[in-house]
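These protein sequence lines map, in sequence, to chains A and B.
Read in order, the letters of the first sequence correspond to residues 2 to 381 in the numbering used here.
Read in order, the letters of the second sequence correspond to residues 392 to 763 in the numbering used here.
From the three backbone atoms N, C-alpha and C, an ideal C-beta is built for every residue, glycine too.
Everything numeric in this text was worked out from a predicted model, so none of it was measured.
Right, one structure below, let's go through it.
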Amino acid sequence: MAYLATRNFLEDKDFVDKWLYTIRTGELDLSWMKSATEKVKPHQANPRRGLTYRDLDIGNYGFSALPEKVRDNRSYAPRGAEIPPGVPDSQPWVSRKSELWAFNTESYYEEAVSRQWNATTDIPWDRLESAELPEAIGKALSQLMTFLTEVEMIATDTPAMWLPRLNPDFIEVKAFIAAQAMDEARHTEVFRKRALTTGWGLMQASPMNEMALKHLRDADSFSEMSVALHLVAEGNVLTMFRFSEYLSPTDVDKKIFRLVMQDEARHVGYGMQHFKYVLEHFPEKREVLHAHLDEAENISFAGAAATELTESFIILAGGGLKRENIEEGIRITTIFNLKQMQEHFERLEKCGMPERKERSKLYMMYEMGRAAAEAAGIRV
Amino acid sequence: MAFYADKDYTQDQEVLEKMNQVMAGNLGLGWYDARTEKIKGRPRDLRRGLTYQDLDIGSYGYSKIPEYIRGSQSMVARGSEKVGKLPDMGYLLNRKSDVWSDNVTTLYEEAKSRRWAPAVDVPWTELDKKPLPHELEAACAQLYTFLQECALVSLDFPSRWVPLVNQDLIELKSFMCAQMLDGSRLLEAFRKRALYGGAGLGRASVSAEQGLKEWLWADTYPQGSVSINLSLAGLLLAVYRHVAAFAPSRVDRKLMGYAMQDAARQVSYGLGALRYHLQHQPAQAAAMNQYLDDTEHVILALLGSPELLEPLIIISGGGLEREQVKAGRLATAKLIRLAVREYLERLEAAGLSGRSASSRIPRVVERIEVQA
Chain A
2 MAYLATRNFL
12 EDKDFVDKWL
22 YTIRTGELDL
32 SWMKSATEKV
42 KPHQANPRRG
52 LTYRDLDIGN
62 YGFSALPEKV
72 RDNRSYAPRG
82 AEIPPGVPDS
92 QPWVSRKSEL
102 WAFNTESYYE
112 EAVSRQWNAT
122 TDIPWDRLES
132 AELPEAIGKA
142 LSQLMTFLTE
152 VEMIATDTPA
162 MWLPRLNPDF
172 IEVKAFIAAQ
182 AMDEARHTEV
192 FRKRALTTGW
202 GLMQASPMNE
212 MALKHLRDAD
222 SFSEMSVALH
232 LVAEGNVLTM
242 FRFSEYLSPT
252 DVDKKIFRLV
262 MQDEARHVGY
272 GMQHFKYVLE
282 HFPEKREVLH
292 AHLDEAENIS
302 FAGAAATELT
312 ESFIILAGGG
322 LKRENIEEGI
332 RITTIFNLKQ
342 MQEHFERLEK
352 CGMPERKERS
362 KLYMMYEMGR
372 AAAEAAGIRV
Chain B
392 MAFYADKDYT
402 QDQEVLEKMN
412 QVMAGNLGLG
422 WYDARTEKIK
432 GRPRDLRRGL
442 TYQDLDIGSY
452 GYSKIPEYIR
462 GSQSMVARGS
472 EKVGKLPDMG
482 YLLNRKSDVW
492 SDNVTTLYEE
502 AKSRRWAPAV
512 DVPWTELDKK
522 PLPHELEAAC
532 AQLYTFLQEC
542 ALVSLDFPSR
552 WVPLVNQDLI
562 ELKSFMCAQM
572 LDGSRLLEAF
582 RKRALYGGAG
592 LGRASVSAEQ
602 GLKEWLWADT
612 YPQGSVSINL
622 SLAGLLLAVY
632 RHVAAFAPSR
642 VDRKLMGYAM
652 QDAARQVSYG
662 LGALRYHLQH
672 QPAQAAAMNQ
682 YLDDTEHVIL
692 ALLGSPELLE
702 PLIIISGGGL
712 EREQVKAGRL
722 ATAKLIRLAV
732 REYLERLEAA
742 GLSGRSASSR
752 IPRVVERIEV
762 QA
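Printed below as a string of structure tokens:
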């Protein structure tokens, strides 16, 4: 047994007797009524939005009052409740606010809950009946969907793995992570469903990308995980979704990408706001994050060598396999690759890490790629 | 770092060459003729949309998942072609009957279609129009404090296990993610209710938390699932139903209605998973009985917690007057008997025959009496 309660309550005569006595006689103890907790009266700041977590940001119940290091609560008690001696230790790994907090965490969560969509019913699947795609496009689309199915489940596993390790006082972050897990499960579902409606089934796995995904999962700290997942990986995927929507061969695909984009933008938003927060509140962490970015960017670059993805993207972008299609596809894919890297560095800069460019090998590759593209007449 | 890439790819000539070849228009197209089944899934019932059940076809279907998932430890989507060197993700749950339930795809679809948002779907301001008497509001605040402790554990449980479940069990993993969202939504709703009433939060429960930790930290998924998905969710379902019936306000009734529908799904999965587990691993029945012998005391840790019992009595009776407390005790005693009976019925229905006779819980519950 991994944990045994300090008492076996069936064998605790005093406990059982007190319980039976209370029910039998109605002599209530009521000591909980004198809990030394704050009495507050929240109100809805905006009735259209309902009662939000931000409306509860009052006194010691609020997230604003969370200290940088949570020392008082390691149990399952909700933040602000009276914590009597004897509650167990929930064994959190992360009890430091700057390790996980993001500006606007609570709003990202509320948005996630209100914008849940349903991959089963919100996509007009019936319209695919009349949408026969040329073989090359159908297979390329299926290959892209196969890759995205692979990607999305790790984006579920990774934050989920961290959730129980977070101190229970960080309710809003735990809630956001739970909502993210659901978002990613829905993405896995929608991409799998789309692949299996093309007529080509799923295609080939992507070993190079899977290695990158394993890197995402096995980070040493929540912050490092977040930087690699929310900022680098999801940032790249967000750019990819935007391009994929543009390249979508049917309206159904466009709708899929629009919906996943809104979720992904939220995750990237959280990642950026956390990155900003950690750099501002835990400056010693900057070098650690640089080192982690060195690894994440290396792996991100390796992803470009996953030819099964790049090739399918080129075919989709160019509209087929003919020479002129491939040329056009390469032009658009080059722009996409460069855009992905450019946006990555822009995000880091906005979050307060402008010096990243000077240190990054990926940035060097970006500059070389951009120069080569411009020499070939491709403007980003 | 626990995992590093095997080399510096920005300096790797082979990778650079490969990329240059593709971007020069020399496509290898090794993936183009992937050796996978060619199917075209379509919705059977347009009103329901395209469900996972509609895609239960050939090698892609969940019906074809073998009992022992061998040779698949990576993130490859079930049914796609595996090539090259794929990473081992270290999954610990690779046996279908350790986690599966036949209703999991239906429950997942239901979880999505029954989504709700505590911020806007609960008529919070009605509490402003008709505030509750002090003792009732204090009892509600305490009850919702207790329920947050339970919701937190219900949230942590699927989160702990989902990364360890083999990727081939994708429908189940998706359902576990839906459970995570359910857990966080209940945590949110209970917190909002406790604080909106004006009484603040109450006191955490030592006995409940001790018990919840024992359940949450179960050694195996089947054990933990019985504890959290079946026992805890079953007890909470009974509590939600009870509070809905005696709800002091429309806000509480509405809230409990949502909580019931989420908890019912959890119980349904818990029961289905135990049934599937025992059907495919009958030898585990003895071990499961032993586990329940060891951990059933947690039911008492929860039901016997004064932080749950006393607010329930006050809410059920409508106040603290002598007659109200008496009515509350009668109703609460009935709730406890019902919750225990349902718990045992579910275990029997799942295949643990004889559990009602071997469990020590009914013998304690039989001793409950309510004096005039």
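- One finds Ala-595, Glu-600 in chain B with Cβ atoms closer than 8 Å to the Cβ of A/Ser-76, taken in chain order.
- Our two residues, A/Glu-329 and A/Asn-338, have alpha carbons roughly 14 Å apart in a direct line.
- CA-to-CA, the gap between B/Ala-508 and B/Pro-514 works out to about 11 Å.
- Between the stretch 362–379 of chain A and the stretch 332–350 of chain A there are three or more C-beta pairs closer than 8 Å, enough to call the two in contact.
- The criterion of a C-beta distance shorter than 7 Å is satisfied by A/Met-154 and A/Thr-189.
- With its beta carbon at least 7 Å from every one in chain B, A/Phe-223 lies outside the interface.
- In the DSSP assignment, B/Leu-738 forms no beta bridge with any residue.
- Listed along the chain, the chain B residues whose CB falls inside 7 Å of the CB of A/Ser-36 are Gly-593, Arg-594.
- In this structure A/Asn-168 is buried. Its beta-carbon is surrounded by 16 or more other beta-carbon atoms within 10 angstroms.
- Across the stretch 112–124 of chain A, CB contacts with chain B closer than 9 Å involve Ala-113, Val-114, Ser-115, Gln-117, Trp-118, Asn-119, Ala-120, Thr-121, Thr-122, Asp-123, Ile-124, in sequence order along the chain.
- A/Lys-19: member of the alpha helix (DSSP H) spanning 14–26, first to last residue.
- For B/Arg-594, DSSP records a beta bridge to A/Glu-83.
- Residue pairing of A/Lys-70 in beta bridges, as defined by DSSP: A/Arg-97.
- It is roughly 14 Å from the alpha-carbon of A/Lys-35 to the alpha-carbon of B/Leu-527.
- Taken atom to atom, the span from the alpha-carbon of A/Phe-244 to that of A/Met-262 is near 11 Å.
- If only uninterrupted alpha helix (DSSP H) runs of at least 4 residues are considered, those enclosed by the stretch 546–611 of chain B are 561–587, 597–607.
- For A/Ser-65, the CB contacts under 6 Å within the same chain, skipping 5 residues up- and downstream, are Asp-58 in chain order.
- B/Leu-483 carries a coil assignment under DSSP once its states are collapsed to helix, strand and coil.
- Between A/Thr-53 and B/Ala-542, the C-beta gap is not smaller than 7 Å, which leaves the two residues out of contact.
- Nearest C-alpha to A/Phe-16 among B/Gly-695, B/Gly-708, B/Glu-739: B/Gly-695.
- Contact of B/Met-466 with chain A is assigned, a C-beta pair being separated by under 7 Å.
- When Cβ-Cβ separations below 7 Å define contact, A/Ile-331 makes contact with chain B.
- Across the stretch 457–487 of chain B, CB contacts with chain A closer than 7 Å involve Ser-465, Met-466, Val-467, Ala-468, Gly-470, Ser-471, Glu-472, Lys-473, Val-474, Gly-475, Lys-476, Leu-477, Pro-478, Met-480, in sequence order along the chain.
- Taking a C-beta distance under 7 Å as the contact criterion, A/Arg-348 and A/Met-273 qualify as a contact pair.
- Here the C-alpha atom of B/Thr-611 lies approximately 27 Å from the C-alpha atom of A/Val-174.
- CA-to-CA, the gap between B/Leu-607 and B/Ile-619 works out to about 7 Å.
- Between B/Gly-574 and B/Ser-545, the gap from beta carbon to beta carbon is short of 7 Å.
- The residue from B/Phe-394, B/Gly-589, B/Leu-738 with its alpha-carbon nearest to that of B/Ala-676 is B/Leu-738.
- In the DSSP assignment, A/Tyr-247 falls within the unbroken alpha helix (DSSP H) covering 235–248.
- For A/Tyr-77, no alpha helix (DSSP H) segment is defined, and its DSSP state is neither H nor E.
- Three or more Cβ pairs closer than 8 Å define a contact, and the stretch 300–309 of chain A falls short of that threshold against the stretch 253–269 of chain A.
- In the DSSP annotation of this structure, the continuous segment of the alpha helix (DSSP H) that includes A/Thr-311 starts and ends at 308–319.
- Cβ neighbours of A/Ala-161 within its own chain (closer than 6 Å, five residues either side excluded): Ala-182.
- Setting aside the 5 residues that flank it on each side, B/Gln-464 is surrounded in the same chain by Asp-479, Met-480, Tyr-482, each with a C-beta closer than 7 Å to its C-beta; the list follows chain order.
- A distance below 8 Å between beta-carbons, with the five flanking residues on each side excluded, links B/Gly-709 to the following residues of its chain, in chain order: Leu-527, Phe-637, Pro-639, Gln-715, Ala-718, Gly-719.
- Positions of the beta strand (DSSP E) runs, each at least 3 residues long and wholly inside the stretch 115–142 of chain A, cannot be given because no such run exists.
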